[in-house]
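Residue numbers (our numbering): 552 to 950.
Glycine residues also receive a C-beta, built at the ideal position from the N, C-alpha and C atoms.
Just so it is clear, the structure is predicted and the values come from calculations on it, not from any experiment.
Input: a single structure, listed below in structure tokens.
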Ligand SMILES: *Cc1c(COP(=O)(O)O)cnc(C)c1O
């Protein structure tokens with residue numbers, strides 16, 4: 552029997568975790584990629600569902616499950632799972648629920664990458680897609696084909712903040728046997744719970760409001776039907792769309808303050824919208840609960856009369872004014888994201904919608920002077936001063 556040398560280092564990665572009779576109050580971060588089983592019988596128990604646990608992190612890990620269970624509770628969902636990004640969540644749904652020959656109908660103002668997936672990527676896989684205006688139920692009904700298998704909508708459109716006819720679309724989907732997928736990123740379960748209103752699948756970019764600190768990239772998927780859920784989940788594992796433990800751990804930490812952040816940001820956004828609407832140099836403001844918003848009735852019915860943390864506004868003066876505005880307010884990050892604790896400002900004409908023609912942008916109300924604001928948790932007075940400075944600079948730069 553060979554004897555190991557006395558100075559041999561401990562076997563790699565076999566350190567026992569120090570036990571404690573008192574439990575940690577913060578969730579541990581479990582980074583292990585692989586889990587060592589006791590014996591082949593134990594593996595049988597794991598794979599056949601008789602014993603809980605994990606085998607390989609791409610298939611699942613504790614930090615993802617803790618986070619998913621929290622979002623399940625918020626959405627009234629069962630068996631939801633976390634993905635490596637919001638787009639991974641959308642991808643898992645497409646790859647798990649569709650086959651060649653199917654048709655997907657999308658809202659015409661979906662998130663930019665979702666639009667690209669529908670227009671360019673799904674067709675390569677033999678899946679047809681087309682778009683319709685989800686605020687107009689007649690347009691949605693007219694776009695349905697015999698082979699339409701799925702409708703993908705966002706409740707509030709980005710960046711123009713129009714509200715989809717969710718009740719009409721849900722009724723139509725149910726009557727025609729079409730899966731209704733709701734990307735609930737903008738609205739969050741605090742604004743709208745799609746499963747309470749007839750959705751079959753809910754997806755999120757957890758990156759945004761749920762995680763809330765612009766430091767983790769994650770998504771979430773929940774599927775109502777258990778068989779379809781297994782297919783979508785298997786697609787996520789096979790195509791490698793599953794998340795990192797560290798990002799899940801960060802997002803869980805963020806989620807504990809989600810309701811506080813959301814309520815604060817929503818209250819501030821409503822006040823900021825009213826302030827901007829009365830500021831010289833502002834041509835118009837888009838905020839769902841304002842009296843001048845075209846969908847205010849739906850905002851009252853769908854969102855419980857709360858407008859959320861996003862708003863849009865337009866200044867005169869074109870690009871020169873837009874440049875002056877962003878330069879004059881450096882404390883508000885000019886950055887194309889949303890849902891961070893800090894307020895961020897984006898300019899769709901030069902970022903998310905730069906690929907559109909001027910005419911196509913004009914048709915949906917996006918000019919060179921149009922900005923989208925994701926309101927954070929700063930005091931209202933701080934933001935008010937910053938925006939007034941920016942708008943005054945835009946006016947001064949207007950010819
Ligand atoms: C950001 C976003 C996505 C994509 O999420 P990622 O986490 O960036 O991949 C999808 N839908 C909406 C509405 C978004 O805002």
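Are the CB atoms of residue i and residue j nearer to each other than 8 Å?
i: residue 761; j: residue 802; result: yes
i: residue 646; j: residue 695; result: no
i: residue 771; j: residue 631; result: yes
i: residue 920; j: residue 867; result: yes
i: residue 838; j: residue 821; result: yes
i: residue 706; j: residue 815; result: no
i: residue 688; j: residue 724; result: no
i: residue 860; j: residue 754; result: no
i: residue 711; j: residue 915; result: yes
i: residue 793; j: residue 634; result: yes
i: residue 627; j: residue 776; result: no
i: residue 597; j: residue 608; result: no
i: residue 732; j: residue 644; result: yes
i: residue 937; j: residue 882; result: yes
i: residue 903; j: residue 663; result: yes
i: residue 854; j: residue 738; result: yes
i: residue 658; j: residue 585; result: no
i: residue 648; j: residue 818; result: no
i: residue 823; j: residue 934; result: yes
i: residue 895; j: residue 913; result: no
i: residue 788; j: residue 610; result: yes
Alpha carbon to alpha carbon, what distance is there between residue j and residue i?
i: residue 765; j: residue 665; result: 20 Å
i: residue 950; j: residue 651; result: 54 Å
i: residue 809; j: residue 769; result: 15 Å
i: residue 679; j: residue 906; result: 22 Å
i: residue 697; j: residue 728; result: 11 Å
i: residue 863; j: residue 825; result: 12 Å
i: residue 897; j: residue 834; result: 17 Å
i: residue 844; j: residue 713; result: 8 Å
i: residue 890; j: residue 594; result: 41 Å
i: residue 939; j: residue 640; result: 38 Å
i: residue 576; j: residue 832; result: 51 Å
i: residue 909; j: residue 888; result: 23 Å
i: residue 836; j: residue 800; result: 37 Å
i: residue 672; j: residue 857; result: 36 Å
i: residue 756; j: residue 638; result: 7 Å
i: residue 568; j: residue 592; result: 24 Å
i: residue 790; j: residue 745; result: 26 Å
i: residue 623; j: residue 681; result: 30 Å
i: residue 726; j: residue 615; result: 35 Å
i: residue 683; j: residue 601; result: 46 Å
i: residue 795; j: residue 621; result: 17 Å
i: residue 709; j: residue 677; result: 28 Å
With a threshold of 16 other CB atoms inside 10 Å of the CB of residue i, please say whether the residue is buried or exposed.
i: residue 969; result: What is shown of the chain runs 552 to 950, which leaves residue 969 out entirely.
i: residue 642; result: buried
i: residue 922; result: buried
i: residue 554; result: exposed
i: residue 842; result: exposed
i: residue 552; result: exposed
i: residue 675; result: exposed
i: residue 829; result: exposed
i: residue 590; result: exposed
i: residue 603; result: exposed
i: residue 784; result: buried
i: residue 798; result: buried
i: residue 619; result: buried
i: residue 556; result: exposed
i: residue 570; result: exposed
i: residue 811; result: exposed
i: residue 572; result: exposed
i: residue 670; result: exposed
i: residue 930; result: exposed
i: residue 767; result: buried
i: residue 911; result: exposed
Measure the beta-carbon distance from residue i to residue j and round it to whole angstroms, keeping in mind my assumption that it falls under 8 Å.
i: residue 716; j: residue 686; result: 6 Å
i: residue 805; j: residue 763; result: 4 Å
i: residue 583; j: residue 758; result: No, residue 583 and residue 758 are not in contact; Cβ-Cβ is about 24 Å, not under 8 Å.
i: residue 773; j: residue 752; result: 7 Å
i: residue 653; j: residue 700; result: 4 Å
i: residue 886; j: residue 945; result: So it is not a contact: roughly 19 Å between Cβ atoms.
i: residue 852; j: residue 840; result: Incorrect: roughly 12 Å between the Cβ atoms, too far for contact.
i: residue 613; j: residue 581; result: 5 Å
i: residue 721; j: residue 750; result: 7 Å
i: residue 625; j: residue 740; result: 4 Å
i: residue 948; j: residue 875; result: 4 Å
Hey, does residue i have any beta-carbon neighbour from chain B nearer than 8 Å?
i: residue 882; result: No chain B appears in this structure, which consists of one protein chain only.
Quick check: is any heavy atom of ligand 3 less than 7 Å from the C-beta of residue i?
i: residue 749; result: Among the ligands present in this structure, namely ligand 1, ligand 3 is not found.
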